[in-house]
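Following our numbering, the numbering of the sequence shown begins with -16 at its first residue and continues without gaps.
Glycine included, each C-beta is placed from N, C-alpha and C at the ideal position.
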Amino acid sequence: MPVDPDYLWQARQMQALSFAVHIPLVCFGIAFPSMVLFCEWRSLRTGDPVLATLARRWSKVMLALFAVGVVTGTILSFELGLLWPEFMARFGAVFGLGFTLEGFSFFTEAIFIGIYVYGWDRLPPRLHLLCGVPVVVAGVTGSLFVIAVNGWMNHPTGFTMRDGVVVDADPWAALFGNTYFWHEFVHMYFAGYIVAGFAVATPYAWAVLRGRRGRYERTALTVAMSTAAVAAPLQVIVGDWAAREVAEHQPVKLAALEGLGRTTRGAPEHLGGWYNGHEVVYGIEIPRLLSLLALHNPNGTVVGLNAVGADDIPPVNVVRFAFQTMVGIGTLLALLGLLFLYVRLRHRRLPRSRWFYRAAVAAGPLSVVALLAGWVTTEVGRQPWVVYEVMRTTDAVTGASGIPVGYGTLVVVYLGLAAAVGWLLRKFSRTPVELPAEAHDDG
-16 MPVDPDYLWQ ARQMQALSFA VHIPLVCFGI AFPSMVLFCE WRSLRTGDPV LATLARRWSK
44 VMLALFAVGV VTGTILSFEL GLLWPEFMAR FGAVFGLGFT LEGFSFFTEA IFIGIYVYGW
104 DRLPPRLHLL CGVPVVVAGV TGSLFVIAVN GWMNHPTGFT MRDGVVVDAD PWAALFGNTY
164 FWHEFVHMYF AGYIVAGFAV ATPYAWAVLR GRRGRYERTA LTVAMSTAAV AAPLQVIVGD
224 WAAREVAEHQ PVKLAALEGL GRTTRGAPEH LGGWYNGHEV VYGIEIPRLL SLLALHNPNG
284 TVVGLNAVGA DDIPPVNVVR FAFQTMVGIG TLLALLGLLF LYVRLRHRRL PRSRWFYRAA
344 VAAGPLSVVA LLAGWVTTEV GRQPWVVYEV MRTTDAVTGA SGIPVGYGTL VVVYLGLAAA
404 VGWLLRKFSR TPVELPAEAH DDG
């Protein structure tokens, strides 16, 4: 039975809103626990009270963000069933294992994050440190299991379709034997460290700009920037891997990313510009670069959008803009990270230029923009398929009305959560930093 096109548009906007709110929190779940645990481990090894204080203060932020992530993640899980019932009903036997395993990771993380945060001064130091290890592991595995589902949606395997019914489902092979999954996971893993690192660095860079260059601010900035500075350049390498996987398994998505209208040998790359339905106009053309990047062969043949019918082409300009936004910001963040590492390793100090700290302040929100642009590239670039070349998004969406009411309700909920998080972070930041007298200095 055909579904009203308005329902599809509304469901997409509702899912996109929830995803945009939740995915930055996933980054903190992946990376922030290891940053907290690193500070505590170093403080136990060196006796540094500044690192111990950072670990304590950051652990409260970690708990607050985890709690908010629980709410947004629960909303997302309900939306999958409510907005895309046909998708869940037909393929749940294939990918449901991923969400089940994610549930185990979540409960493990919930238990140990509570023990860790409330165990300060109640547990022996080394035991307390060990209680943080499951938080780190569960943060990574939880995202791994969910990304495995997304990898399967982009490259469905592990089942057979017979008369429109899924048979012979092998969830383990579908999720973890899927070669497309691994680059997605590694790409997201590094993105988690980039976002968490730069986002945590932002307030401390702002503090330095306002003249607060004490040892506490310098240490916090060093830990956060080091985290992001190592991950950002490595993400460029992972991005190359991801592009080659897309070229092999989703050639139409690659053509949309680059606005390649026709299958071309020695395909060029276009920076900027607009796809007019046939080719990119007003962009800067770099000959043969697309073939070189996607196939590692400047004379390689890249599949164009003309390889499929008009109904199978994603919204090209949306995907191109998102992709180029991600790549552009990612490149700038990688350069900022390399600059920080150079100064830190060469001169054994933080950079002194105010322009560096202005860039570090901007890097936090820009990293979130790049993250969201990357996921728009992945999800919108797969359209019109919810399960690539197996099930169209139009066949998966609900036929129920009332989505705008749910959307409005979510806006209110998310605004409330944002206000609560803002209030908590402001409260944490205004709590006096208690350090021994010798730990205070002006740098």
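Exercise. What is the C-beta distance between Ala182 and Met208, in whole angstroms, given that I count them as a contact (C-beta under 8 angstroms)?
Worked result: Residue 182 sits at position 199 when you count from the first residue of the sequence shown. Residue 208 sits at position 225 when you count from the first residue of the sequence shown. That pair is no contact at about 11 angstroms.
For this session: Alpha carbon to alpha carbon, how far is Asp294 from Arg341? Give it in angstroms, no decimals.
Result: Residue mapping note: residue 341 aligns to position 358 of the sequence shown, counting from 1. Residue mapping note: residue 294 aligns to position 311 of the sequence shown, counting from 1. Approximately 45 angstroms between the Cα atoms of the pair.
Exercise. Taking the alpha carbon of Val119 as the point to measure from, which residue in Ala305, Ser17, Tyr397 has its own alpha carbon closest?
Worked result: Position 136 of the sequence shown holds residue 119. For Val119, the nearest C-alpha among the options comes from Ser17.
Problem set entry | Start-to-end residues for the alpha helix (DSSP H) that takes in His138 | Residue 138 sits at position 155 when you count from the first residue of the sequence shown. In the DSSP assignment, His138 falls outside any alpha helix (DSSP H) and carries neither an H nor an E.
Exercise. Cβ of Ser42 within 9 angstroms of Cβ of Tyr99?
Worked result: Numbered from 1 along the sequence shown, position 59 holds the residue referred to as residue 42. Numbered from 1 along the sequence shown, position 116 holds the residue referred to as residue 99. In this structure, Tyr99 lies closer than 9 angstroms to Ser42 by Cβ.
Exercise. Is the distance from the Cβ of Ala250 to the Cβ of Ser274 below 9 angstroms?
Worked result: As a first step, residue 250 must be located in the sequence shown, where it is residue number 267. As a first step, residue 274 must be located in the sequence shown, where it is residue number 291. A contact, by the Cβ cut-off of 9 angstroms.
Problem set entry | Euclidean distance between Cα positions of Asn280 and Val310 | Along the sequence shown, one-based indexing puts residue 280 at 297. Along the sequence shown, one-based indexing puts residue 310 at 327. Answer to the nearest angstrom: the Cα atoms are 21 angstroms apart.
Exercise. Can you tell which of Val352, Phe323, Arg193 has the C-alpha that lies nearest to the C-alpha of Ala3?
Worked result: Here residue 3 refers to the residue found at position 20 of the sequence shown. Closest by alpha carbon: Val352.
Problem set entry | Collapsed DSSP secondary structure at Tyr258 in the structure displayed | Here residue 258 refers to the residue found at position 275 of the sequence shown. In the structure shown, the three-state DSSP call for Tyr258 is strand.
Exercise. Thinking just about the alpha-carbon of each residue, which of Gln(-2), Thr36, Arg337, Ala(-1) is nearest to the one in Pro415?
Worked result: Walking along the sequence shown from the start, residue 415 turns up at place 432. For the residues Gln(-2), Thr36, Arg337, Ala(-1), the minimum Cα distance to Pro415 belongs to Thr36.
Problem set entry | Span separating the alpha-carbon of Tyr390 from that of Ala215 | Counted from its first residue, the sequence shown places residue 390 at position 407. Counted from its first residue, the sequence shown places residue 215 at position 232. The straight-line gap from Cα to Cα measures roughly 34 angstroms.
Exercise. By the 10 Å Cβ neighbour count, where 16 or more other Cβ atoms means buried, how is Arg40 classified, buried or exposed?
Worked result: For the purposes of this step, residue 40 is identified with residue 57 of the sequence shown, where counting begins at 1. Result: buried.
For this session: Compare the C-alpha of Arg174 against each of Ile296, Ala346, Ala211 and name the closest.
Result: For the purposes of this step, residue 174 is taken as residue 191 along the sequence shown, with counting starting at 1. Correcting the residue identity first, residue 174 is Ala in this sequence and not Arg. When each option's Cα is compared against that of Ala174, the closest is Ala211.
For this session: Measure the C-alpha to C-alpha separation of Leu393 and Val363 and round it to an integer number of angstroms.
Result: For the purposes of this step, residue 393 is taken as the residue at position 410 of the sequence shown. For the purposes of this step, residue 363 is taken as the residue at position 380 of the sequence shown. Cα to Cα, Leu393 sits roughly 22 angstroms from Val363.
For this session: Would you mind stating whether Leu63 and Phe70 have Cβ atoms separated by less than 9 angstroms?
Result: As a working mapping, residue 63 is identified with position 80 in the sequence shown. As a working mapping, residue 70 is identified with position 87 in the sequence shown. Leu63 is a Cβ neighbour of Phe70, given a cutoff of 9 angstroms.
Exercise. Of all the options Leu400, His330, Phe164, Phe142, which has the alpha carbon lying nearest to the alpha carbon of Ser126?
Worked result: Translated into the one-based positions of the sequence shown, residue 126 becomes position 143. Cα-wise, what sits closest to Ser126 is Phe164.
Exercise. Near Gly122, which residues of its chain fall below 7 angstroms by C-beta distance, leaving aside the five closest residues on each side in sequence?
Worked result: What you label residue 122 is simply residue 139 of the sequence shown in a count that begins at 1. Counting only residues of its own chain and dropping the five nearest sequence neighbours on each side, Gly122 has a CB closer than 7 angstroms to the CB of Gly12, Ile13, Pro16, Glu92.
For this session: Report yes if the CB atom of Leu158 is closer than 9 angstroms to the CB atom of Trp135, and no otherwise.
Result: Taking the sequence shown and counting its residues from 1, the one referred to as residue 158 is at position 175. Taking the sequence shown and counting its residues from 1, the one referred to as residue 135 is at position 152. Note that the C-beta distance between Leu158 and Trp135 is below 9 angstroms.
For this session: Please state whether DSSP places Val380 in a helix, a strand or coil.
Result: Here residue 380 refers to the residue found at position 397 of the sequence shown. In the displayed model, Val380 falls within coil according to three-state DSSP, outside both helix and strand.
Exercise. Out of curiosity, what's the CA-to-CA distance linking Glu85 and Val77?
Worked result: In the sequence shown, the residue the question calls residue 85 occupies position 102. In the sequence shown, the residue the question calls residue 77 occupies position 94. Between the alpha carbons of Glu85 and Val77 lies a gap of roughly 15 angstroms.
For this session: Leaving out five residues on either side along the sequence, give the residues of the same chain with a beta carbon under 7 angstroms from the beta carbon of Ser1.
Result: Along the sequence shown, one-based indexing puts residue 1 at 18. Within the same chain, Cβ atoms closer than 7 angstroms to the Cβ of Ser1 are found at Thr55, Ile58, Leu59, Glu62, Leu393, the five residues on either side in sequence being excluded.
Problem set entry | Cα-Cα separation between Gly242 and Gly97, rounded to whole angstroms | Taking the sequence shown and counting its residues from 1, one reaches residue 242 at position 259. Taking the sequence shown and counting its residues from 1, one reaches residue 97 at position 114. When rounded, the distance between both Cα atoms is 49 angstroms.
Exercise. What is the residue span of the alpha helix (DSSP H) that Glu69 lies within?
Worked result: Within the sequence shown, residue 69 is the residue found at index 86, counting from 1. Start and end: 68 to 101.
For this session: Output the residue ranges of the alpha helix (DSSP H) runs that lie fully inside the stretch 304 to 354 and measure 4 residues or longer, sorted by chain position.
Result: Qualifying alpha helix (DSSP H) stretches: none in this window.
Exercise. What span of residues does the beta strand (DSSP E) with Arg145 cover, start to end?
Worked result: The count along the sequence shown starts at 1 and reaches residue 145 at position 162. Per DSSP, the continuous beta strand (DSSP E) segment holding Arg145 begins and ends at 143 to 145.
For this session: State the Cα-Cα distance for the pair Val224 and Arg413, rounded to the nearest angstrom.
Result: Here the question's residue 224 lines up with position 241 in the sequence shown. Here the question's residue 413 lines up with position 430 in the sequence shown. Per the sequence shown, the amino acid found at residue 224 is Trp instead of Val. Looking at the two C-alpha atoms, the distance is approximately 43 angstroms.
Problem set entry | Length of the line joining the Cα atoms of Asp151 and His138 | Locating residue 151 in the sequence shown gives position 168, where the first residue counts as 1. Locating residue 138 in the sequence shown gives position 155, where the first residue counts as 1. Between the alpha carbons of Asp151 and His138 lies a gap of roughly 17 angstroms.
For this session: Kindly indicate if chain D contains any beta-carbon less than 9 angstroms away from that of Gly97.
Result: Among the protein chains of the structure shown there is no chain D, as only one such chain exists.
Exercise. What residue range is occupied by the uninterrupted alpha helix (DSSP H) comprising Glu228?
Worked result: As a position in the sequence shown, residue 228 is number 245, starting the count at 1. Taken as a continuous stretch (DSSP letters only), the alpha helix (DSSP H) holding Glu228 covers 198 to 232.
Exercise. Just checking my contact of Arg227 with Tyr258 at CB under 8 angstroms: how many whole Å lie between their CB atoms?
Worked result: Position 244 of the sequence shown, counted from the start, is the residue given in the question as residue 227. Position 275 of the sequence shown, counted from the start, is the residue given in the question as residue 258. No, Arg227 and Tyr258 are not in contact; Cβ-Cβ is about 22 angstroms, not under 8 angstroms.
Exercise. If we count Cβ pairs, one from each stretch, closer than 8 angstroms, do we get three or more for the stretch 324 to 338 versus the stretch 195 to 208?
Worked result: Three or more beta-carbon pairs separated by less than 8 angstroms link the stretch 324 to 338 to the stretch 195 to 208, which places the two stretches in contact.
Problem set entry | Status (buried if at least 16 other CB within 10 Å, exposed otherwise) for Ala379 | Taking the first residue of the sequence shown as position 1, residue 379 is located at position 396. Residue burial is scored here from C-beta neighbours: Ala379 has at least 16 other C-beta atoms within 10 angstroms and is therefore classed as buried.
For this session: Please classify Ile269: does DSSP put it in a helix, a strand, or coil?
Result: For the purposes of this step, residue 269 is taken as residue 286 along the sequence shown, with counting starting at 1. Looking at Ile269 - three-state DSSP - the assignment turns out to be strand.
Exercise. Beta-carbon separation of Pro112 and Trp24 under 9 angstroms?
Worked result: Taking the sequence shown and counting its residues from 1, one reaches residue 112 at position 129. Taking the sequence shown and counting its residues from 1, one reaches residue 24 at position 41. Sequence check: residue 112 is Leu here, not Pro. Yes, the Cβ-Cβ distance between Leu112 and Trp24 is below 9 angstroms.
For this session: Take Glu231 as the anchor and find which of Val191, Val264, Leu217, His166 has the nearest alpha-carbon.
Result: Numbered from 1 along the sequence shown, position 248 holds the residue referred to as residue 231. Of Val191, Val264, Leu217, His166, the residue nearest in Cα terms is His166.
Exercise. What did DSSP end up calling Thr247 once you bin it into helix, strand or coil?
Worked result: In the sequence shown, the residue the question calls residue 247 occupies position 264. In this structure, Thr247 counts as strand in the three-state DSSP scheme.
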